[in-house]
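Peer 1:
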């Protein structure tokens, strides 16, 4: 723990870095431009050095030299092998997780499967903080499932959180499925996974969590929370690379009861028998469809390894310290400049990103990127979103970003955008 | 043209190589082991040297250095940009083709879209030569679409071809969609695209071709044949790498009439407005779903460029010469050893692979791989499949492979497997 008291200066930031038990992990990443402050690791994580090596091996040796033989030398098992590693990040058994397709396609597969497994129930409950692509998938899936189905979108009164009470009101005996983002993409609000899952189960609904903004930033305990289904992204805190394939989780006792709606050869029992009739494979395999994108998939594993080495308890502890630190800086120097905190104050209900709203948010964000060498993200209408990735974000990064943000506002540099 | 007459010897093979106008393209590929004869380019194409360079750039510069900015510097447009290049391989307009997902997922999207656009029609016609994953996708899609739907699988009497007469009998006013593999994965039989498409259109059915075993091996003229829909694979003759994302084609006048059933944010109009209601984007964009797998996608473009440089007329001419040559060798030296030709004799109805059946096919294939440094493919029950990729397969490869095959049989080397 830091022995100094909070001060909004560079020395204090350096003292926090000096005491950071995860500091050494920064060197595991390619950081070629020391002046760039990258606070968008929750959109696209940085490139691990090990992934450069691993990808060369996959491209030049496996594809280039082993050719088709590489399928039997590791590629066929890759969706399950990498899935089993991700299982350790999310509190699942190794045979409950697969890497495949995109988060959206995986969500589609699991939602359709859940609806078919819940005959007589005709609503799906989600919330207005969910990632829009998830809402689109739900709208499309329900349209396909039939006119009797209805999507209930629980609103957020403050744009930051959703109360358990309003969720509880929406969930009833007609609910087939409750599906939410565990950490909200805009505000960073984190649901109580155990409590909400229990709420769904009390009325016999299935629970599906989108873990995209949580996985790799905090421990997740799917099995302990008795979660039924989950999906998630690998290119944020897992650092799996642009558009890396996503993962899906199906609790083991549900696997044989659920049917993937997209029947492809990788989900087929005894795939190379080439039978003309589809027969779903055993266990989690049935949730695969087509040929896995091996290059993109291969980049995921080194990122997972780094998180397992760091330990998710450590990662979460640093994430909380860093978001707390950013919020202290906001209070001290940004609030007076007109910034609002659009993320929860309570660290236990907050993920690893912090959103700051400002009436000039869009133009300030442009100025940060174009002139100040800071890369945050912008989310409409006025949120500048700062993603803190504990494996490589330093306290000095955070301090320096806040100082540059001050400069943009004080010198009114945003006005030209 | 070769001035020598066919002779089953190495000198004749060398003379064919010496006169091959595409010979220089072999040097565009990574070929590290000169003794390995690779005849499985129709399962996984070889690694183009340019792809090694391109992938390094994408990984180390774009992901490593440009980070999130790379999305606006080329990644967002990649599915359309690479799609527009593939359009030139298949006789389509640039705005009619996208790279996305796997062939199976793309097929699912287009089949569901086609069924919804054809109310009142309740059958889908395909054939028993189609790739099994396509049949599985159809079975799953029809199950989802409702109990009124029926899949008609037209049989093949010889396992090599399907007659137009038996297709014509199966297609009628109830047919919503006809969907076939243009080149059959096992026998290499190639349908007459114009004739079959016209047959479907005469009764008001839509026509969807799976081009996986055709694209990059022959010119395809989707627009000239008035084809409605198509999908295809990029990791065979396009040499896009293991599990590279697939492509889909929707004829431009159909795009606004059809709806992708999997509604994701990359298909959404004004994606970054993050509206809560799905609104399909204009034109071909609506057939995207989730985030594209950028690393795997990036490896496709150099492969397409090589084919465009070689010219598909030249590629097809060499492919025919090479499959003809292999069949002459079969007649001369393999038929007497008990091999049957399980591909069409007529070059105009044959793709770029040749299947040879043998009662000991499975064990012979094992011996070729384990002892003889030849990599063909095996397709049950007894087919050894030789894929000839005109950009890098030499006549000497073919001759040498046949000689090694003779050795395996004459010396009964397969008996130990």
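Chains as they are written, first to last, in our numbering: chain A, 824 to 1240; chain B, 824 to 1240.
In this text, a Cβ means the ideal position worked out from N, Cα and C, and glycines have one as well.
(1) Could you spell out the range, first to last residue, of the alpha helix (DSSP H) harbouring residue 897 (chain A)?
(2) Take residue 1215 (chain A) and list the residues in its own chain whose beta-carbon comes closer than 6 Å to its own, dropping the five residues that flank it on each side.
(3) What are the boundary residues of the beta strand (DSSP E) that includes residue 929 (chain B)?
(4) From this set, A:1232, A:1219, A:1226 and A:1233, which residue's C-alpha is nearest residue 841 (chain A)'s C-alpha?
(5) Does residue 1235 (chain A) get closer than 8 Å to chain B when you measure Cβ to Cβ?
(6) Mind checking whether residue 861 (chain B) and residue 1118 (chain A) have CB atoms under 8 Å apart?
(7) Is the stretch 931–949 of chain A close to the stretch 897–908 of chain A, with three or more CB pairs under 8 Å?
(8) So for residue 1125 (chain B), helix, strand or coil by DSSP?
(9) Mind listing which residues of the stretch 824–852 of chain A have their C-beta closer than 8 Å to chain B's C-betas, in chain order?
(10) Whether or not the stretch 1005–1019 of chain A and the stretch 1029–1045 of chain A are in contact is what I'm after, with contact meaning three or more pairs of Cβ atoms, one per stretch, closer than 8 Å; do they touch?
(11) Using a Cβ-Cβ distance cut-off of 8 Å, determine whether residue 1032 (chain B) contacts chain A.
(12) Which residues, in order along the stretch 1102–1131 of chain B, keep a beta-carbon less than 7 Å from a beta-carbon of chain A?
(13) Is the Cβ-Cβ distance between residue 1205 (chain B) and residue 1174 (chain B) less than 8 Å?
(14) Taking only beta-carbon positions, decide if residue 1075 (chain B) is within less than 8 Å of chain A.
(15) Using DSSP with H/G/I as helix, E/B as strand and the rest coil, what is residue 1213 (chain A)?
(16) Fully enclosed by the stretch 1133–1215 of chain B, which beta strand (DSSP E) runs are 3 residues long or longer?
(17) Run through the stretch 989–1027 of chain A for me and flag every whole beta strand (DSSP E) of 3 or more residues, listed as ranges in chain order.
(18) What would DSSP say about residue 1071 (chain B), mapped onto helix, strand or coil?
(19) So the candidates are A:998, A:827, A:1044 and A:1224; which of them puts its Cα closest to the Cα of residue 975 (chain A)?
(20) Identify whether residue 1066 (chain B) lies in helix, strand or coil by the three-state DSSP scheme.
(21) Checking contacts by CB at 8 Å: is residue 931 (chain A) closer than that to chain B?
(22) At a Cβ threshold of 8 Å, is residue 947 (chain B) touching chain A?
(23) Starting from residue 1053 (chain B), trace the beta strand (DSSP E) in both directions and tell me its first and last residue.
(24) By how many angstroms is the C-alpha of residue 832 (chain B) removed from the C-alpha of residue 824 (chain B)?
(25) Between residue 956 (chain A) and chain B, is the shortest Cβ-Cβ distance under 8 Å, so that the two count as touching?
(26) Please report whether the beta-carbon of residue 959 (chain B) lies at a distance below 8 Å from any beta-carbon of chain A.
(27) What is the DSSP secondary structure of residue 861 (chain B), reduced to helix, strand or coil?
(28) So does residue 1034 (chain A) have its beta carbon nearer than 7 Å to some heavy atom of the ligand PLP?
(29) Counting only beta-carbon separations shorter than 8 Å, does residue 867 (chain B) have a partner in chain A?
(30) Would you please verify whether the beta carbon of residue 888 (chain B) is less than 8 Å from any beta carbon of chain A?
(31) Can you tell which of A:1111, A:1095 and A:1230 has its C-alpha closest to the C-alpha of residue 1070 (chain A)?
(32) Identify, in the order they occur along the chain, each residue of the same chain with its Cβ nearer than 7 Å to the Cβ of residue 1192 (chain B), setting aside the five sequence neighbours on each side.
(33) How is residue 973 (chain B) classed by DSSP in three states: helix, strand or coil?
(34) Using C-beta distances below 7 Å, list every residue in its chain close to residue 778 (chain B), excluding the 5 sequence neighbours before and after it, in chain order.
(35) In the structure shown, what three-state DSSP assignment does residue 1038 (chain A) receive?
(36) Along the alpha helix (DSSP H) that carries residue 878 (chain A), what are the first and last residues, could you check?
Peer 2: For this structure:
(1) In the first chain, residue 897 (chain A) corresponds to position 74, counting from 1. Unbroken run through residue 897 (chain A): none, as it is neither H nor E.
(2) Along the first chain, read from residue 1 onward, the residue named residue 1215 (chain A) stands at position 392. Hits under 6 Å: 849, 852 and 869.
(3) For this step, residue 929 (chain B) is matched to residue 106 along the second chain. No beta strand (DSSP E) contains residue 929 (chain B), which is instead part of the alpha helix (DSSP H) from 926–939.
(4) Here the question's residue 841 (chain A) lines up with position 18 in the first chain. Taking only the C-alpha atoms, the option nearest residue 841 (chain A) is A:1219.
(5) Here residue 1235 (chain A) refers to the residue found at position 412 of the first chain. For residue 1235 (chain A), the answer is no, since every Cβ of chain B falls outside 8 Å of its Cβ.
(6) Taking the first residue of the second chain as 1, we reach residue 861 (chain B) at position 38. Taking the first residue of the first chain as 1, we reach residue 1118 (chain A) at position 295. Taking 8 Å as the Cβ cut-off, residue 861 (chain B) and residue 1118 (chain A) do not qualify as a contacting pair.
(7) no
(8) Here residue 1125 (chain B) corresponds to residue number 302 of the second chain, with the count starting at 1. Helix at residue 1125 (chain B).
(9) From the stretch 824–852 of chain A, no residue has a Cβ closer than 8 Å to chain B.
(10) Because the criterion of three Cβ pairs below 8 Å is met, the stretch 1029–1045 of chain A and the stretch 1005–1019 of chain A touch.
(11) Sequence index remark: in the second chain, residue 1032 (chain B) carries index 209 (1-based). Not one chain A Cβ lies under 8 Å of residue 1032 (chain B).
(12) 1112, 1113, 1114, 1115, 1116, 1117, 1118, 1119 and 1122
(13) Locating residue 1205 (chain B) in the second chain gives position 382, where the first residue counts as 1. Locating residue 1174 (chain B) in the second chain gives position 351, where the first residue counts as 1. The answer is no: Cβ separation not under 8 Å.
(14) Here residue 1075 (chain B) refers to the residue found at position 252 of the second chain. At a cut-off of 8 Å between beta carbons, residue 1075 (chain B) makes no contact with chain A.
(15) Taking the first residue of the first chain as 1, we reach residue 1213 (chain A) at position 390. In the structure shown, residue 1213 (chain A) sits in coil (DSSP, three-state: anything other than H, G, I, E or B).
(16) Within the stretch 1133–1215 of chain B, the beta strand (DSSP E) runs of at least 3 residues that lie entirely inside it are, in chain order, 1176–1180, 1200–1202 and 1206–1210.
(17) Those beta strand (DSSP E) runs which fall completely within the stretch 989–1027 of chain A and span 3+ residues are 998–1004.
(18) Position 248 of the second chain, counted from the start, is the residue given in the question as residue 1071 (chain B). Three-state DSSP puts residue 1071 (chain B) in a strand.
(19) In the first chain, residue 975 (chain A) corresponds to position 152, counting from 1. Here the closest residue by C-alpha is A:998.
(20) Along the second chain, read from residue 1 onward, the residue named residue 1066 (chain B) stands at position 243. It is coil, neither helix nor strand.
(21) Locating residue 931 (chain A) in the first chain gives position 108, where the first residue counts as 1. With 8 Å as the cut-off, residue 931 (chain A) counts as an interface residue toward chain B.
(22) The count along the second chain starts at 1 and reaches residue 947 (chain B) at position 124. Taking Cβ atoms only, chain A never reaches closer than 8 Å to residue 947 (chain B), which makes this a no.
(23) As a first step, residue 1053 (chain B) must be located in the second chain, where it is residue number 230. Residues 1052–1055.
(24) As a working note, residue 824 (chain B) is residue 1 in the second chain. As a working note, residue 832 (chain B) is residue 9 in the second chain. Bear in mind that a pLDDT of 49 at residue 824 (chain B), under 50, signals an unreliable position, so the number given afterwards is only what the model happens to contain. Answer to the nearest angstrom: the Cα atoms are 18 Å apart.
(25) As a first step, residue 956 (chain A) must be located in the first chain, where it is residue number 133. Yes, contact with chain B.
(26) In the second chain, the residue the question calls residue 959 (chain B) occupies position 136. Cβ-Cβ to chain A under 8 Å: yes for residue 959 (chain B).
(27) The residue you call residue 861 (chain B) lines up with position 38 of the second chain. Note: residue 861 (chain B) maps to strand in three-state DSSP.
(28) No copy of the ligand PLP appears in this structure; indeed no ligand is present at all.
(29) Your numbering for residue 867 (chain B) matches position 44 in the second chain. Yes, contact with chain A.
(30) Along the second chain, one-based indexing puts residue 888 (chain B) at 65. Yes - at least one Cβ of chain A is within 8 Å of the one on residue 888 (chain B).
(31) Start at 1 with the first residue of the first chain, and residue 1070 (chain A) comes out as number 247. Measuring from the Cα of residue 1070 (chain A), the nearest candidate turns out to be A:1111.
(32) If you number the second chain from 1, residue 1192 (chain B) lands on position 369. For residue 1192 (chain B), where only same-chain residues beyond five positions count, the Cβ hits under 7 Å are 1198.
(33) Here residue 973 (chain B) refers to the residue found at position 150 when the second chain is read from its first residue. Residue 973 (chain B) falls in the strand class under three-state DSSP.
(34) Limits of chain B in this structure are 824 at one end and 1240 at the other, which puts residue 778 (chain B) out of reach.
(35) Position 215 of the first chain holds residue 1038 (chain A). In this structure, residue 1038 (chain A) counts as strand in the three-state DSSP scheme.
(36) Working through the first chain from its first residue, we reach residue 878 (chain A) at position 55. Per DSSP, residue 878 (chain A) belongs to the alpha helix (DSSP H) from 872–879.
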